[in-house]
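The structure appears right after this line, and notes come after that.
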Amino acid sequence: MNDVLDVALRLLALLLAFLVLPLVVGQTEHKVMAHMQGRLGPMYAGGFHGWAQLVADGVKFAQKEDVVPAGADRRIFQLAPAVALLPYLLVLVAIPIGPAEGAVGQVVDAGIFFVLAVMGVGVLGSLMAGWASANKFSLLGGLRTAAQLMAYELPMLLTAASVAMAAGTVSLPGILDAFEWWWVPWQIVGGVVFFTAGLAELQRPPFDAPIADSEIIFGAYTEYTGLRFALFLLAEYAGIVVLCGLTTILFLGGWHGPSADGLGWLWTLLKTAVLAFIVIWLRVSYPRLREDQLQRFAWTCLIPLSLAQIALTGVVKVVIS
Amino acid sequence: MSPAVHLAATGHGFLSPTGVEIAFLLVGIATFGAAIVTVTTKQLVHAALWLVVALGGLAVEYLLLTAEFIAWVQVLIYVGSVVVLLLFGLMLTKAPIGRSPDADSGNRPAALAVAVAAAGVLVWVVVDAFRTTWIELDKGVQGSTAVSGESLFRHWVLPFEALSVLLLAALVGAIVLSRKSGHDSGPGVGHESGPRAGHGKEMR
Chain R
1 MNDVLDVALR LLALLLAFLV LPLVVGQTEH KVMAHMQGRL GPMYAGGFHG WAQLVADGVK
61 FAQKEDVVPA GADRRIFQLA PAVALLPYLL VLVAIPIGPA EGAVGQVVDA GIFFVLAVMG
121 VGVLGSLMAG WASANKFSLL GGLRTAAQLM AYELPMLLTA ASVAMAAGTV SLPGILDAFE
181 WWWVPWQIVG GVVFFTAGLA ELQRPPFDAP IADSEIIFGA YTEYTGLRFA LFLLAEYAGI
241 VVLCGLTTIL FLGGWHGPSA DGLGWLWTLL KTAVLAFIVI WLRVSYPRLR EDQLQRFAWT
301 CLIPLSLAQI ALTGVVKVVI S
Chain S
1 MSPAVHLAAT GHGFLSPTGV EIAFLLVGIA TFGAAIVTVT TKQLVHAALW LVVALGGLAV
61 EYLLLTAEFI AWVQVLIYVG SVVVLLLFGL MLTKAPIGRS PDADSGNRPA ALAVAVAAAG
121 VLVWVVVDAF RTTWIELDKG VQGSTAVSGE SLFRHWVLPF EALSVLLLAA LVGAIVLSRK
181 SGHDSGPGVG HESGPRAGHG KEMR
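Top line first, the protein sequences correspond to chains R and S.
Residues 1 to 321, numbered by the UniProt record's numbering, are exactly what the first sequence covers, in order.
Residues 1 to 204, numbered by the UniProt record's numbering, are exactly what the second sequence covers, in order.
What follows is the structure, encoded as structure tokens:
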């Protein structure tokens, strides 16, 4: 009985985090973008600085009619948002938040592989949406998504492999247990590459050519309305949370910090929040990359850098052992 | 091989299956069904998506055999990359929504014969090789990352290296082929005229 209760509590906590954190990131994005652009942002909903804006948005989305285009492939069109969103919920299971034994949903032996594999599945949702919408802009968006994923998956994997080499394990809690402060400068190049490639995989600006609203009208999501569109948006914010959490754990030491035993979870959340702020900052301050620039950046810049990082990791590892 | 994988299946019958065995069988049936639909469906993109289900089912089978590492690599490589590549190719060729009867080939009987022969050989080899081998699933994880890595780089290093050389050759071959076809239109510029105009889109 106790085990069942334990599992239920863990799942509940995960679900809560999954429902709350993306909304917090979304609201932060509203406010940070507004202040960076010299305006206030949403101020009305909920009273204090418009804190309930996203809740109001959710209500609005739920009220809208759920339209499926006549020419669309109905079942795949309707399934796509779930395929895009659910992987991020699954990924949260493996992310350790503190140093304690129970501070992770489930210890996954091959944690890095689990996380990257499941995150890759999420992109299938965009591809399904792009194809099933029967819309040329959606198809273009889907194509760009696929091309982008294929280019940026590799540097992400390589840099994650570099951390795994440094730690001598592929389990996420194991990597954190092995962490030393000097890993940050040692793995910094890999960290930047991982974070950048992750941004591209989430299709966040400046890598948002697949959804570019001003040229291909939100790409794969053009035909979506109401709740299903909201699910895609939620997937984007959940993706930000997952990417920032992963970067924190792999490259910034996760719960390590002063008095980590008691405040470990706070350090994880704090580092994740700082990274999420950077994600929003980049959206406001960088112009969108063109599709050929995107590809060139991945293949001629990120992949050589990640290979160099792996070489550096290997050399240092041999020298200190 | 790890110690818990031992020969002589004494005391193990097929008559009192455990929960894991039943789950394995059910997932296997589902995977097989998805694979059948993959090759029989008339809609190209649906076939690719059913392939996702079949490959995911295989990953679940690996998980049930406690080969966690292999399972996630299966998802990462096949579902995350190969199927995405497949869908990318299908979208480039404007796979229509609905049935595509022109995609039917006259080589069906030959394909069926090859498939049955390949399946027969594989089943025969696997059954013959592992006839009485038994994996104790209760005695801890058998296919953890450490175990897989050790057996891969201790016992199977030569095939591993041979395979990597093969993949490298394929990679070089692909680059050579793509360079040759891009030669007459000039480097880096796609065709912008004719029926292939759509293909130049992703290069601009």
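No residue lacks a Cβ here, since even glycine has one placed at the ideal position from N, Cα and C.
- Look at the stretch 192–223 of chain R: it has no residue with a C-beta under 7 Å from a C-beta of chain S.
- Apart from sequence neighbours up to five positions away, the residues of its chain that approach Ala71 of chain S with a beta-carbon distance below 7 Å are Ala59, Tyr62, Leu63, ordered along the chain.
- Contact annotation: the stretch 23–42 of chain R touches the stretch 233–247 of chain R, with at least three C-beta pairs closer than 8 Å.
- For Ala161 of chain R, the enclosing alpha helix (DSSP H) has its first and last residue at 136–167.
- Below the 8 Å Cβ cutoff, chain S contributes Gly80, Ser81 as neighbours of Glu153 of chain R, in chain order.
- Taking the CA atoms as reference points, Ser144 of chain S sits about 30 Å from Ala170 of chain S.
- Taking a beta-carbon distance threshold of 8 Å, Ser144 of chain S counts as an interface residue toward chain R.
- Residues of the stretch 59–73 of chain S with a C-beta atom less than 7 Å from some C-beta of chain R are Glu68, Phe69, Trp72, Val73, listed in chain order.
- If you look at Val93 of chain R, you'll find it isn't in any alpha helix (DSSP H); DSSP assigns it neither H nor E.
- Taking a Cβ-Cβ cut-off of 9 Å, the neighbours of Trp131 of chain R in chain S comprise Val45, Leu87, Leu90, Met91, Ala95, Ile97, given in sequence order.
- For Phe48 of chain R, there is no enclosing alpha helix (DSSP H), since its DSSP letter is neither H nor E.
- Counted as a single uninterrupted DSSP element, the alpha helix (DSSP H) harbouring Gly19 of chain S occupies residues 19–40.
- Of all residues in the stretch 243–254 of chain R, none is placed with a Cβ closer than 8 Å to any Cβ belonging to chain S.
- Interface residue (Cβ-Cβ distance to chain R less than 8 Å): Val84 of chain S is classified as such.
- With respect to chain S, the C-beta atom of Leu11 of chain R has no partner C-beta closer than 8 Å.
- Counting along the chain, Glu236 of chain R sits inside the alpha helix (DSSP H) bounded by residues 226–251.
- By the neighbour-count criterion, in which 16 or more other beta carbons inside 10 Å mark a residue as buried, His35 of chain R falls on the exposed side.
- A contact between stretches requires three or more CB pairs, one per stretch, nearer than 8 Å, and the stretch 129–138 of chain R meets this requirement with the stretch 70–87 of chain R.
- Taking all protein chains shown into account, His155 of chain S has fewer than 16 neighbouring C-beta atoms within 10 Å of its C-beta and is therefore exposed.
- The C-alpha of Val114 of chain S lies about 39 Å from the C-alpha of Gln295 of chain R.
- It is roughly 32 Å from the alpha-carbon of Val83 of chain S to the alpha-carbon of Glu65 of chain R.
- Rounded to whole angstroms, the gap between the alpha carbons of Leu112 of chain S and Ser105 of chain S is 12 Å.
- By the C-beta density criterion, Asp102 of chain S is exposed, having fewer than 16 other C-beta atoms within 10 angstroms.
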